[in-house]
Amino acid sequence: MREKPVAFSESQMEEIEVCLDELVRNTGAQEILLANIAGRLISARGRLGERETTATGVAALSAGGYAATVEMARYFEIETEFRQISYEGEHHSIYSSTVGNALIITVVYDHSVKLGIVRAFTNQAAQCLQDIVNRALAEMETDDQLPREEALGTEFSQALMDELETFLVEEGSQ
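Numbering (the numbering used here), first residue to last: 16 to 189.
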């Protein structure tokens, strides 16, 4: 079952960045990509982080790879949810792991690092990220229950109303 898309606050994004930076330090990963299950890029480390359009494409491919694995499992009548995917190359490998049902974290590393190290630290990062996801979902649920003006914030609501009023006055005078 898929969760609804998660929206992260600025402080939660900072926590995500810290979590990914720690994963880079612990694994020596060359690239790390965090995307939602639909393939929307959330954050990237390494060269991909410097080229957003490439990172966005790779995020979609990562999610697509996960979706393809889920579909293959259905054809084989396998009920187990796959949480990890590993691709092994001659010089580099790619390891992807889901974070709950909301995110996919993808790690690119060379063969100087053992898969077990990458898995262990990626699982640790996934737990950190899952905690952030849980808090974000709880905040989203709370926001859904607030009256519209409270959810947006009084100052923002007032600024929006002022801007709308100014626009309508200008349109009416033309």
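Beta carbons are placed, not taken as given, at the ideal position from N, Cα and C, and that holds for glycine.
Residue pairing from DSSP leaves A140 without any beta-bridge partner. Taking 8 Å as the upper bound for CB-CB distance, T113 and R98 are in contact here, some 5 Å apart. In the displayed model, S77 falls within a helix according to three-state DSSP. Pairwise C-beta distances place the region 69-83 out of contact with the region 31-43, as fewer than three of them are shorter than 8 Å. With 16 or more other CB atoms across the displayed protein chains lying within 10 angstroms of its CB, E46 is buried.
Straight across, the Cα-Cα distance linking A140 with E180 is about 47 Å.
Spanning the alpha carbons of Q142 and Y90 requires a straight line of approximately 30 Å. Residue E37 holds the alpha-carbon nearest to the alpha-carbon of N138 among D125, E37, R62 and A53. Rounded to the nearest whole angstrom, the CA to CA distance from Y81 to L183 is 48 Å.
In this structure, I31 and L144 form a Cβ contact; the two beta carbons are roughly 7 Å apart against a cut-off of 8 Å.
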